[in-house]
Every structure is written in C-alpha cells, then in structure tokens.
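K.L.:
For reference, the structure I am asking about is given below.
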Amino acid sequence: AQSVAQPEDQVNVAEGNPLTVKCTYSVSGNPYLFWYVQYPNRGLQFLLKYITGDNLVKGSYGFEAEFNKSQTSFHLKKPSALVSDSALYFCAVRDRGTGRRALTFGSGTRLQVQP
Amino acid sequence: GAGVSQSPSNKVTEKGKDVELRCDPISGHTALYWYRQSLGQGLEFLIYFQGNSAPDKSGLPSDRFSAERTGGSVSTLTIQRTQQEDSAVYLCASSPFSDDTQYFGPGTRLTVL
Chain S
207 AQSVAQPEDQ VNVAEGNPLT VKCTYSVSGN PYLFWYVQYP NRGLQFLLKY
257 ITGDNLVKGS YGFEAEFNKS QTSFHLKKPS ALVSDSALYF CAVRDRGTGR
307 RALTFGSGTR LQVQP
Chain Z
483 GAGVSQSPSN KVTEKGKDVE LRCDPISGHT ALYWYRQSLG QGLEFLIYFQ
533 GNSAPDKSGL PSDRFSAERT GGSVSTLTIQ RTQQEDSAVY LCASSPFSDD
583 TQYFGPGTRL TVL
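Printed below as a string of structure tokens:
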C-alpha cells in the first residue's frame, strides 16, 4: 500500500521569506512523487514531479522540491514567498513498481502568505 | 491548448436520483482518471482508463458508481440512487501515454439534498 503524510494543516509565512511545505511518503518500491496546488474553486494545478535522477526538482512559479530517499520525504520549497502563493498544496505518490497509475494524495496543507 | 473540461460545474440533486458527470480530456491523452474530493475523506481515487485496456475500478466506493469512456475520449461518471455522503467535488484528470503527470479539470461540485 502507498500513503502520503502532510503533517501541517496550515503553514504561515511572511511575504519575502522562504517557505517549506512538508511531505513524507510510504511505498513498497520506488516512488513517483508530485506536488499540486489548488486555488479556491479550481482544480489541481501541477507544480513539479520527481521520477528519477537529480534529487532537487525545479517546477513552476519558482517552486522546488528535494527528494530524500533515506527520510522518505519530498518537501516543497520556495526561496521567497509571494502573497499570490497562498493556496492549498497537495503532495501525491505513486509506486513505480506497480502497474497501478492512480495517485495517492496527502491531506493537503494550506499555505498562507502574509503581506 | 485546451485543458481538461468537466460539466456541469455544479449539480444539485435530491437523494435517490441518478446523476451523470462528464469529462473531456486533453486531446491525445490516452489515460483518464476520476477522483473525488470531500472534506472528510480528502482526495480519493475512483477509476482509471488507459486506452483499450480494462479500467482500474478499484477505487469505486460502491456499485452505485460506474463510469464509461467512449471512443477513447469523453468519459461519463454515473452515480445511481445518490446519497448525501456522495456530496463532494468530482475531479477528472488525463495524462499522455508516456508521462505520469496528471492534468486536472476544474471539477464538478455535487450536492445531494
């Protein structure tokens, strides 16, 4: 079975400060990892993914994430937060070793960036 | 280009009625997914179609839920005899054959009274 944990329901950060949204995962094999963002009354927008290769993945809107296999983590980061980054963020995983392509999502973390 | 589209955007129905939700995937995408987003359960996988292969129905919560994908493109999710616990946002996603990235539509908000 595969699972994702996002331990923080909400993260508050001041505009211009760095932000981190945490994600840990559990799969029996090797993971495919994803981050999505959801703005109010909108669907999920893809931010970035880790498939293989470089552990530091760069994505849209200046976001990046670091894959850490020993800690089974895939934290989302941004060097300088914007008010417009305020949204709901979801981490998702898929076990690369299975043929099953459905994603398992975390419970989501609400990011609030204060001006 | 055009993204994934879903209709209707909102649907209000009475308990016991049947509903149909529609998804138009991105042109050329071979894989199509349905998920459900609700306050209590978060984001849950429902069903997955890939080309002409048998769909993965492992996430469907009961036999009241079914889905079809016609001609490898448009999909319809049908919920029979709706219950109040079916109230949720139903999200559709599609992906190309060679890529695991799923692109989501705006969702259909279903309210069962």
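In the order they appear, the protein sequences are chains S and Z.
Letter 115 of the first sequence, counting from 1, is numbered 321 in our numbering, and no numbers are missing.
Letter 47 of the second sequence, counting from 1, is numbered 529 in our numbering, and no numbers are missing.
Don't be surprised by glycine CBs; every beta carbon is placed ideally from N, CA and C.
From a predicted model like this one, the values you see are computed outputs, not experimental measurements.
Measuring only between beta-carbons, confirm whether residue 572 (chain Z) sits less than 7 Å from chain S.
P.N.:
Counted from its first residue, the second sequence places residue 572 (chain Z) at position 90. Not closer than 7 Å to any Cβ of chain S, the Cβ of residue 572 (chain Z) fails to qualify, so no.
K.L.:
How about the segment 509-528 of chain Z and the segment 570-577 of chain Z: do they share at least three Cβ pairs that are nearer than 8 Å?
P.N.:
yes
K.L.:
Near residue 591 (chain Z), which residues of its chain fall below 6 Å by C-beta distance, leaving aside the five closest residues on each side in sequence?
P.N.:
In the second sequence, residue 591 (chain Z) corresponds to position 109, counting from 1. Answer for residue 591 (chain Z): 492, 571, listed in chain order.
K.L.:
Tell me the DSSP secondary structure of residue 235 (chain S) in three-state form.
P.N.:
As a first step, residue 235 (chain S) must be located in the first sequence, where it is residue number 29. It is coil, neither helix nor strand.
K.L.:
Sort Z:494, Z:500, Z:484, Z:507 by Cα distance to residue 642 (chain Z) and report the nearest one.
P.N.:
Only positions 483 to 595 of chain Z appear in this structure, which leaves residue 642 (chain Z) out of reach.
K.L.:
Could you name each continuous beta strand (DSSP E) segment of 3 residues or more that falls completely within the segment 486-567 of chain Z, going from the start of the chain to the end?
P.N.:
487-489, 492-495, 501-506, 513-520, 524-532, 547-551, 557-561
K.L.:
Taking 7 Å as the threshold (C-beta atoms), are residue 230 (chain S) and residue 279 (chain S) in contact?
P.N.:
Stepping through the first sequence from its first residue, residue 279 (chain S) is reached at position 73. Stepping through the first sequence from its first residue, residue 230 (chain S) is reached at position 24. Contact: yes.
K.L.:
When the Cα of residue 566 (chain Z) is compared with those of Z:532, Z:501, Z:548, which residue comes out closest?
P.N.:
Here the question's residue 566 (chain Z) lines up with position 84 in the second sequence. If we check each option's Cα against that of residue 566 (chain Z), Z:501 comes out closest.
K.L.:
Give the interface partners of residue 313 (chain S) over in chain Z, defined as CB-CB distance under 7 Å, in chain order.
P.N.:
As a first step, residue 313 (chain S) must be located in the first sequence, where it is residue number 107. What residue 313 (chain S) touches in chain Z: 524.
K.L.:
Determine the closest residue to residue 225 (chain S) out of S:281, S:301, S:303, with distance taken between C-alpha atoms.
P.N.:
Here residue 225 (chain S) refers to the residue found at position 19 when the first sequence is read from its first residue. Distances from the CA of residue 225 (chain S) to each of S:281, S:301, S:303 were compared; the closest alpha carbon is that of S:281.
K.L.:
Under 7 Å Cβ to Cβ from residue 684 (chain Z), same chain only, skipping five residues before and after it: list those, please.
P.N.:
No statement about residue 684 (chain Z) is possible, as the shown extent of chain Z runs from 483 to 595 and does not include it.
K.L.:
Is there a Cβ of chain S sitting closer than 7 Å to that of residue 533 (chain Z), yes or no?
P.N.:
By 1-based counting over the second sequence, the position of residue 533 (chain Z) is 51. Closer than 7 Å: no.
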